[in-house]
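A.B. asks: Sharing a structure, written as structure tokens. Questions coming.
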Amino acid sequence: MKSVVSETRGMFTKSRGINGFNNRLFTVLVWGISGCIVLFIISLLFLILQKGLPYLTWDFIIGLPSEMEEGGGIGPALFNSFYMLLISLVVAIPLGMAAGIYLAEFAPNNKLISFVRICVEGLASVPSIIFGLFGIALFVEMFQIGLTIIGGAISLAFLNLPVMTRVTEESIRAVPGELKQASFALGGTHLQTIRKALIPAALGGLVTGICLIAGRAFGESAVIILTAGVTTSGEMWDFNLFSPGETLAVHLWYVQSEAIVPDAVSISDKAAAVLLFVILLFNVLFRIPLWIKDRKNR
Amino acid sequence: MQLETSAQPSILGAKDSDLGVSIKAGSGKTFDRKNRLLFYNRFFRIACIASAVFVCLILFGILFFMFRTGILTFRDVSPLTFFFSTEWSPEEESYGAFVFIFGTFALTFLTLLISVPLSVVIAVFLSEVAPAWLRNALRPILDLLVGIPSVVYGFLGLTILIPLLRDVTGTNMGDGILAAAIVLTIMVLPTISRVSDDAISAVPRKYRDASYALGGTRFQTIFKVTIPAARSGILYGVILGMARAIGETMAVVMVIGNTPQLADALFKPTSVLTSNIVMQIANVPFDSTWNYALYMMGFLLLVISLLMIVLVRLLQRKGAKS
Amino acid sequence: MKWFKSLTVAAMAIALVTSTVSVVGAASSLKGKIVINGSSALLPLTLQAANEFKKANPKVKISASAAGSITGPQSVRKGIADIGAVDWDASQDVPGFKKFEGQVAHKVAVIPFAAVVNKNVKVDNLTTKQLQDIFSGKVTNWKDVGGSDADIIVVNRAFGSGTRVNFQMKALQGTDFISKGNNYKEVKSSGDMKTAVETTPNAIGYMDLVYVTSNMKALQINGIAPTEANVINGTYKVWGFGYYMTKGQPDEVTKAFIEYIQSAKFQNGSLKKLKFIPISAIK
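Residue numbers (the UniProt record's numbering), protein chains in the order written: chain A, 1 to 298; chain Z, 1 to 322; chain P, 1 to 283.
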């Protein structure tokens with residue numbers, strides 16, 4: 001503040017000119033840099049879609065992968081992606097929501113609870129590969145079930161649990177207090193208040209959170225490589241929880257860097273496009289209704 | 001008309017009789033209902049507590065597992081060797097992790113060096129310069145970018161960035177710390193700029209008004225008033241980005257070259273903690289020093305990321321005070 | 001409700017009958033799951049055999065992946081895999097690797113290895129001495145071995161690779177590899193090696209003959225080309241046996257699979273087509 005004052009006081013016209021120039025330069029620079037970066041990133045994503053999507057065929061999407069010959073598909077990997085996503089959400093959403101509701105609604109305000117909050121936040125920032133190592137220690141070393149879909153899905157759920165907890169806590173806290181008081185005044189129990197008043201009111205935040213963790217689960221690769229392996233059972237619609245569970249994201253990495261198929265480049269182009277497309281679809285499907293709802297409320 | 005009048009009393013009558021029944025037999029019933037509700041309420045509360053405890057248990061489970069396995073490294077390797085030796089050849093019993101620790105820090109530093117200035121510029125653009133329509137379009141897009149899988153970024157790095165680097169700089173391979181830092185920059189940029197954007201937008205209007213009233217230009221206002229006022233929020237964003245850069249695995253694995261040698265040049269295949277763990281964990285027996293050393297490296301990563309959360313907490317407390 | 005019960009019973013009975021019929025109908029009643037991990041050098045063979053085996057035994061599920069030889073016996077020991085493919089006999093001590101207790105080795109193929117270079121490299125032939133110098137970092141420029149003036153990019157397999165062990169013992173006669181440098185890179189699997197050599201100009205690496213594609217060039221060693229004929233007649237020395245490791249004696253399904261891959265029909269048919277060499281051809 002001081003410097004602004006002193007500058008405006010002394011050498012008024014001259015500094016004004018320099019500042020005016022600086023100001024214009026600055027505006028141009030900010031526009032230029034931001035424009036370049038945003039355009040760059042968006043064009044990269046566009047490039048991925050453009051290189052892959054036009055060449056997609058059903059044979060590729062539901063076809064079996066091939067290790068030697070051309071023309072392998074991504075069917076089982078894509079299936080595993082959705083299957084594991086589903087299992088991990090089934091585990092993570094109830095547990096995460098319950099923990100978040102506890103922190104927002106029931107927890108007393110004391111040292112222990114603020115420590116619990118730090119734990120949740122800490123867990124949310126733990127690198128995903130650590131969950132992979134934990135998954136190995138738990139499922140491969142302790143339970144000795146090897147690299148399986150269930151092991152990968154539960155490790156994924158662990159990864160997403162703290163995020164779900166935090167999102168739930170935040171969105172329930174953001175619900176206006178009057179709503180809660182009104183429900184209590186009508187004689188509702190705490191459970192009824194939460195179910196009938198708080199959760200519907202916090203739905204926007206919850207859906208955004210679920211969308212976030214679903215995207216994360218769908219695109220996660222390090223955890224899956226360590227806990228579910230880099231192979232599929234080689235069959236479509238294999239619901240066996242103890243099959244090896246390579247997902248699409250892992251397959252993209254595997255094909256790009258390890259596989260020996262001659263058409264690895266085209267497979268990975270297409271797999272990347274499918275991966276990106278599904279993530280974008282998640283966001284569009286879940287978020288656009290929320291945006292529209294937001295607009296209406298405003 | 002007649003029908004209606006005749007119907008009405010009967011309806012009323014039915015209601016009355018229903019009410020009567022429920023009052024007669026209902027005292028016990030309402031009590032049951034109340035009890036049931038209270039029971040559900042209580043049960044729900046316990047389930048919630050159990051879930052919260054479970055989340056904490058996972059953290060402690062992870063800490064315990066990583067520490068218990070990792071600490072066994074020091075049965076065969078002295079901590080001094082592990083932390084400061086650059087010789088990582090497990091087949092010859094030398095377990096110096098310095099290359100990876102250094103690599104992780106160097107990579108994170110380089111990433112922040114590129115990404116922080118760019119992110120702050122984008123944040124300033126979003127919050128101060130851009131017209132409203134562009135702002136409203138860009139914010140959701142940046143949020144979307146946060147959710148793009150890391151393998152996709154790695155794939156881009158491998159197929160587009162590395163050949164480009166090879167052509168532009170004339171190096172032989174292009175793999176290395178610079179390529180990884182550029183990929184990571186693209187990954188953390190949305191995070192840092194969105195958090196900074198929120199922080200800058202939250203700076204009270206009156207600060208800016210005061211600066212303009214004193215004759216400050218927009219440039220002066222932003223650099224001398226707004227950014228300093230949003231400092232702790234921007235720092236929060238930077239730490240979030242840093243956490244992501246340190247923990248990122250697959251995008252880094254695809255472009256860094258995965259060779260255990262010290263990253264003393266921008267273009268030289270090297271390795272970091274995360275990439276080394278994921279590349280080697282499948283090849284090691286459970287009860288070997290090699291495995292323990294990898295877990296120790298995981299434990300290091302864990303400690304670093306937890307320390308950063310403590311840092312964020314301290315920052316927030318400081319921000320709340322001021 | 002009764003009709004529902006009887007319906008269920010009927011459905012179950014039908015299912016039972018049809019399943020028995022289908023079992024009888026199929027050529028074999030083998031049923032189970034085999035997980036194979038390990039050597040990427042053996043992967044093409046494993047996959048081919050798995051495809052053929054699955055056709056004959058539709059109820060058997062086989063999933064195979066590869067991440068370097070040492071992963072094979074290691075996964076078998078951890079219980080992740082039923083078969084560990086490895087390029088050396090892991091039931092015995094070999095230089096650099098301790099033996100795996102309680103595992104049984106099954107010889108399945110002869111694997112020829114080749115030194116390969118990027119297509120832009122002008123050199124066609126290297127002597128053992130030149131290979132040693134390149135891979136130990138004494139020679140760093142292609143012009144010193146008869147090529148154009150360009151840095152040599154050495155691509156090496158990471159420790160734990162059977163291809164690396166065999167190449168070091170048989171092509172380099174035990175010379176140590178370099179392990180550092182700006183023009184040095186380690187890769188994890190044969191596929192990785194293939195990508196690296198194909199896409200990096202002036203790169204040299206090594207892999208089994210099966211993986212050599214038209215986008216790279218296999219070198220002659222001491223003037224002898226890496227072909228099956230030269231391996232069989234004993235002039236080309238860079239080859240090794242491929243093994244399947246199992247935890248003790250294999251179970252029924254796994255045993256049937258190993259027997260299939262060792263059968264004369266497979267050894268002289270598909271195995272030869274994939275440029276591997278039947279075990280029986282080597283004396």
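Glycine is no exception: its CB is placed at the ideal position from the N, C-alpha and C atoms.
Since we're looking at a predicted model, the values are computed, not measured.
Please tell me whether residue 220/Z has its Cβ less than 8 Å away from any Cβ of chain A.
C.D. replies: Reading the second sequence from its first residue, position 220 is the one you call residue 220/Z. Judged by the 8 Å Cβ criterion, residue 220/Z is in contact with chain A.
A.B. asks: Roughly how many whole angstroms lie between the Cα atoms of residue 264/P and residue 257/P?
C.D. replies: Against the third sequence, residue 264/P aligns to sequence position 264. Against the third sequence, residue 257/P aligns to sequence position 257. Answer to the nearest angstrom: the Cα atoms are 13 Å apart.
A.B. asks: Is residue 241/P helix, strand or coil by DSSP?
C.D. replies: In the third sequence, the residue the question calls residue 241/P occupies position 241. Strand.
A.B. asks: Which residues in the same chain have their Cβ closer than 7 Å to the Cβ of residue 133/P, if we skip the five residues on either side of it in sequence?
C.D. replies: Indexing the third sequence from 1 puts residue 133/P at position 133. Excluding residues within five positions, the ones whose Cβ falls inside 7 Å are 139.
A.B. asks: Sorted by chain position, which residues of the same chain lie with C-beta nearer than 8 Å to residue 287/P's C-beta, five sequence neighbours on each side aside?
C.D. replies: Chain P is shown from 1 up to 283; residue 287/P falls before or after that span and cannot be answered.
A.B. asks: Within the 8 Å Cβ cut-off, does residue 134/P reach chain Z?
C.D. replies: By 1-based counting over the third sequence, the position of residue 134/P is 134. Output row for residue 134/P: interface = no.
A.B. asks: Please confirm whether residue 228/A has its beta-carbon closer than 8 Å to some beta-carbon of chain P.
C.D. replies: Within the first sequence, numbered from 1, the residue matching residue 228/A stands at position 228. No, because no Cβ of chain P sits closer than 8 Å to the Cβ of residue 228/A.
A.B. asks: Using DSSP with H/G/I as helix, E/B as strand and the rest coil, what is residue 24/Z?
C.D. replies: Position 24 of the second sequence, counted from the first residue, corresponds to residue 24/Z. Caution applies to residue 24/Z, whose pLDDT of 46 falls short of 50 and renders its modelled position unreliable; the value that the coordinates give is listed next. Helix.
A.B. asks: For residue 178/P, name the three-state secondary structure that DSSP assigns.
C.D. replies: Start at 1 with the first residue of the third sequence, and residue 178/P comes out as number 178. DSSP places residue 178/P in coil when its eight states are reduced to three.
A.B. asks: Which of the three DSSP states is assigned to residue 284/Z in this structure?
C.D. replies: In the second sequence, counting from the first residue as 1, residue 284/Z sits at position 284. Reduced to three states, the DSSP call for residue 284/Z is coil.
A.B. asks: Rounded to the nearest angstrom, what separates residue 10/A and residue 27/A at their Cα positions?
C.D. replies: Within the first sequence, the letter at position 10 stands for residue 10/A. Within the first sequence, the letter at position 27 stands for residue 27/A. Residue placement at residue 10/A is flagged as unreliable, the pLDDT there being 43, under the threshold of 50; the coordinate-derived value follows with that caveat. The alpha-carbon atoms of residue 10/A and residue 27/A are separated by roughly 25 Å.
A.B. asks: In terms of alpha-carbon separation, which member of 122/Z, 308/Z and 302/Z lies closest to residue 63/Z?
C.D. replies: Mapped onto the second sequence, residue 63/Z falls at position 63. Taking only the C-alpha atoms, the option nearest residue 63/Z is 302/Z.
A.B. asks: Since residue 99/A and residue 52/Z are thought to touch, with beta carbons under 8 Å apart, how far apart are those beta carbons, to the nearest angstrom?
C.D. replies: As a working note, residue 99/A is residue 99 in the first sequence. As a working note, residue 52/Z is residue 52 in the second sequence. Their Cβ separation, rounded to whole angstroms, is 4 Å, which keeps residue 99/A and residue 52/Z in contact under 8 Å.
A.B. asks: Please check if any C-beta of chain A sits within less than 8 Å of the C-beta of residue 21/Z.
C.D. replies: Taking the second sequence and counting its residues from 1, the one referred to as residue 21/Z is at position 21. Because residue 21/Z carries a pLDDT of 47, less than 50, the predicted location of this residue cannot be relied on, and the following value inherits that uncertainty. So, not an interface residue.
A.B. asks: Could you say if the stretch 249-261 of chain Z and the stretch 208-223 of chain Z meet the contact criterion of at least three C-beta pairs nearer than 8 Å?
C.D. replies: No, because fewer than three Cβ pairs between the stretch 249-261 of chain Z and the stretch 208-223 of chain Z fall closer than 8 Å, the two stretches do not touch.
A.B. asks: For residue 83/P versus residue 260/P, is the C-beta spacing smaller than 8 Å?
C.D. replies: Residue mapping note: residue 83/P aligns to position 83 of the third sequence, counting from 1. Residue mapping note: residue 260/P aligns to position 260 of the third sequence, counting from 1. No.
A.B. asks: With distances taken Cα to Cα, identify the nearest neighbour of residue 281/A among 257/Z, 217/Z, 147/Z and 205/Z.
C.D. replies: The sequence position of residue 281/A within the first sequence is 281, counting from 1. It is 147/Z.
A.B. asks: Could you check whether residue 179/Z and residue 157/Z sit closer than 8 Å to each other, using their CB atoms as the reference points?
C.D. replies: For the purposes of this step, residue 157/Z is identified with residue 157 of the second sequence, where counting begins at 1. For the purposes of this step, residue 179/Z is identified with residue 179 of the second sequence, where counting begins at 1. A contact, by the Cβ cut-off of 8 Å.
A.B. asks: Here's the rule I'm using: 16 or more other beta-carbon atoms within 10 Å means buried, otherwise exposed. How should residue 44/P be labelled?
C.D. replies: Here residue 44/P is taken as the residue at index 44 of the third sequence, counted from 1. Buried, since its Cβ has 16 or more Cβ neighbours within 10 Å.
A.B. asks: Quick one: is residue 159/Z buried, meaning 16 or more other Cβ sit within 10 Å of its Cβ, or exposed?
C.D. replies: Residue 159/Z sits at position 159 when you count from the first residue of the second sequence. Looking at its Cβ environment, which holds 16 or more other Cβ atoms inside 10 Å, residue 159/Z is buried.
A.B. asks: Please state if the CB of residue 198/P and the CB of residue 277/P are separated by a distance shorter than 8 Å.
C.D. replies: Here residue 277/P refers to the residue found at position 277 of the third sequence. Here residue 198/P refers to the residue found at position 198 of the third sequence. No, the pair does not count as a contact, with Cβ atoms beyond the cut-off.
A.B. asks: Check whether the Cβ atoms of residue 119/P and residue 216/P lie closer than 8 Å to each other.
C.D. replies: As a working mapping, residue 119/P is identified with position 119 in the third sequence. As a working mapping, residue 216/P is identified with position 216 in the third sequence. Their beta carbons are under 8 Å apart, which means residue 119/P touches residue 216/P by this criterion.
A.B. asks: Check whether chain A comes within 8 Å of residue 314/Z, counting only Cβ atoms and requiring the distance to be less than that.
C.D. replies: If you number the second sequence from 1, residue 314/Z lands on position 314. Output row for residue 314/Z: interface = no.
A.B. asks: Could you tell me whether the Cβ atoms of residue 250/A and residue 279/A are closer together than 8 Å?
C.D. replies: Looking up residue 250/A in the first sequence gives position 250. Looking up residue 279/A in the first sequence gives position 279. No, these two residues do not count as a Cβ contact at 8 Å.
A.B. asks: If we ignore side chains and look at the alpha-carbon of each, how far apart do residue 96/P and residue 294/Z end up?
C.D. replies: Position 96 of the third sequence, counted from the start, is the residue given in the question as residue 96/P. Position 294 of the second sequence, counted from the start, is the residue given in the question as residue 294/Z. About 20 Å.
A.B. asks: Which partner residues of residue 186/P appear in the DSSP bridge assignment?
C.D. replies: Walking along the third sequence from the start, residue 186/P turns up at place 186. Paired residues: 156/P.
A.B. asks: Quick one: which unbroken alpha helix (DSSP H) runs of 4-plus residues sit fully inside the stretch 65-140 of chain A? Chain order, please.
C.D. replies: Those alpha helix (DSSP H) runs which fall completely within the stretch 65-140 of chain A and span 4+ residues are 75-101, 111-125 and 128-135.
A.B. asks: Any idea if residue 90/A is buried or exposed, counting beta-carbon neighbours within 10 angstroms, 16 or more meaning buried?
C.D. replies: Translated into the one-based positions of the first sequence, residue 90/A becomes position 90. Flag for residue 90/A reads exposed.
A.B. asks: Is residue 114/P helix, strand or coil when you go by DSSP?
C.D. replies: By 1-based counting over the third sequence, the position of residue 114/P is 114. Residue state, collapsed to three classes: strand.
A.B. asks: Measuring straight from C-alpha to C-alpha, what distance separates residue 237/Z and residue 314/Z?
C.D. replies: Stepping through the second sequence from its first residue, residue 237/Z is reached at position 237. Stepping through the second sequence from its first residue, residue 314/Z is reached at position 314. The straight-line gap from Cα to Cα measures roughly 14 Å.
A.B. asks: Could you check the C-alpha separation between residue 144/A and residue 78/P for me, to the nearest Å?
C.D. replies: Indexing the first sequence from 1 puts residue 144/A at position 144. Indexing the third sequence from 1 puts residue 78/P at position 78. The straight-line gap from Cα to Cα measures roughly 8 Å.
A.B. asks: If you draw a straight line from the C-alpha of residue 259/A to the C-alpha of residue 196/P, how long is it?
C.D. replies: Looking up residue 259/A in the first sequence gives position 259. Looking up residue 196/P in the third sequence gives position 196. In a straight line, the C-alpha of residue 259/A is about 12 Å away from that of residue 196/P.
A.B. asks: Here's a check: name, in chain order, each residue in its chain whose Cβ is nearer than 7 Å to the Cβ of residue 21/Z, leaving out the five neighbours to either side.
C.D. replies: The residue given as residue 21/Z occupies position 21 in the second sequence. Note that residue 21/Z scores 47 on pLDDT, short of 50, meaning its location in the model is unreliable and no value can be drawn from it.
A.B. asks: Going along chain A, which residues have a C-beta under 9 Å from residue 173/Z?
C.D. replies: Numbered from its first residue, the second sequence carries residue 173/Z at position 173. The contacting residues do not exist; residue 173/Z stays about 15 Å from chain A at best.
A.B. asks: If you reduce the DSSP assignment to three classes, tell me which class residue 270/Z lands in.
C.D. replies: One-based indexing of the second sequence puts residue 270/Z at position 270. Residue 270/Z: strand per DSSP, three-state reduction.
A.B. asks: Mark residue 203/Z as exposed unless 16 or more other C-beta atoms lie within 10 angstroms of its C-beta, in which case mark it buried.
C.D. replies: On the second sequence, residue 203/Z is found 203 positions in, with the first residue counted as 1. The residue in question, residue 203/Z, is buried, as its Cβ has 16 or more Cβ neighbours within 10 Å.
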